[in-house]
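In the working numbering, the protein residues as written are 6 to 324.
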């Protein structure tokens, strides 16, 4: 236990991830209500929307309305997602409200890159070179490489640690060509292929090659192993996790309709807090926000804690 981190940073992606996959339509006012409620739980990082192709992701046709409509809370970083220059330009209109950071987004699976971005790995590298140049032109530092399908792919099958390392190396090369310094690498279990041993091997391979980089995990609960995979990451000293309140979301291009979404923020927070790892989150308040999310989407979400409640709630009753 001595090797566990003392604290972790949890990056809440429920609004962005969840509302991109819900059939909807979900009113912008409800999306804003969820963002503002999340900010009251102690979360310090909230991804609120996607500036993406509204034909492919109609759930975010109102991204501008959400970005303009929420009330920012001091000390909370609000972010957004984009994949091209058009999306970046839309986000730049809100740079006074959003924390804008550049990322080089790649996939360890060429098949998934084509499915998700409509371009293969080589084409995507060229797109990332252009996007990095646009980021630099607009004064946005590119400090992160994200690797989708880092532990396996529904379209390509198993992904090896060597493939992940090569993908990270390709991303770092793009950044270096542009004079950017990458500090963070995010490994995403986009389609739920990860297991604890795959986490150990993947994180270990990247860390062995680049010990100076901070590694984060973006976990999906497609096959019910997200908490086990988070535990494996914590034992490796991972201190940065993406998650979604209630388990909202999932990848709309993963080819598994109805699969569970991301690791639930409240379940990740429970795991950490019960292991003595600080999150800064009021878990009972977060559970209530998860129940709000259920009411907004109009159906039950995967989180078990929305029904079971926190352990602290029962400790208080027993005291």
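All residues carry an ideal CB built from backbone N, CA and C; glycine is no exception. These numbers were taken from a predicted model, which means no experiment stands behind them.
- DSSP places residue 118 within a helical segment (H, G or I) once states are collapsed to three.
- Rounded to the nearest whole angstrom, the C-alpha separation of residue 238 and residue 207 is 10 Å.
- Taken through DSSP and simplified to helix, strand or coil, residue 215 comes out as coil.
- Taken atom to atom, the span from the alpha-carbon of residue 27 to that of residue 302 is near 7 Å.
- Distance from the Cα of residue 96 is smallest, within the candidate group 140, 185, 47, for 140.
- Within 10 angstroms of the beta-carbon of residue 104 lie fewer than 16 other beta-carbons, which makes it exposed.
- Between residue 136 and residue 91, the beta carbon gap of about 11 Å keeps them out of contact (Cβ cut-off 8 Å).
- Here residue 143 carries a coil assignment [DSSP, helix/strand/coil].
- For the pair residue 169 and residue 155, the CB atoms are nearer than the 8 Å cut-off.
- 35 is the residue among 158, 272, 35 whose C-alpha sits nearest the C-alpha of residue 300.
- Just so you know, the alpha carbons of residue 80 and residue 87 end up roughly 23 Å apart.
- Along the region 149-224, the beta strand (DSSP E) occurs as fully enclosed runs of 3 or more residues at 189-193, 219-223, listed in sequence order.
- The Cβ atoms of residue 251 and residue 295 sit closer than 8 Å to each other.
- Contact between residue 149 and residue 191 holds, since their C-beta atoms are separated by about 6 Å, short of 8 Å.
- Pairing residue 121 with residue 153 gives a Cβ-Cβ distance under 8 Å.
- For the region 54-127, the continuous beta strand (DSSP E) assignments of 3+ residues that do not extend past its boundaries occur at 82-87, 107-112, in sequence order.
- The Cβ atoms of residue 234 and residue 254 do not sit closer than 8 Å to each other.
- Note that the C-beta distance between residue 111 and residue 176 is below 8 Å.
- Sequence-distant partners of residue 18 (beyond 5 residues in either direction) whose C-beta falls short of 6 Å from its own C-beta, in its chain, are 52, 247, 249.
- With contacts defined by Cβ atoms closer than 8 Å, residue 125 and residue 193 do not form a contacting pair.
- For residue 245, the uninterrupted beta strand (DSSP E) segment begins and ends at 245-248.
- Distance from the CA of residue 223 to the CA of residue 163, rounded to the nearest whole angstrom, comes to 18 Å.
- If you draw a straight line from the Cα of residue 221 to the Cα of residue 50, it comes to about 14 Å.
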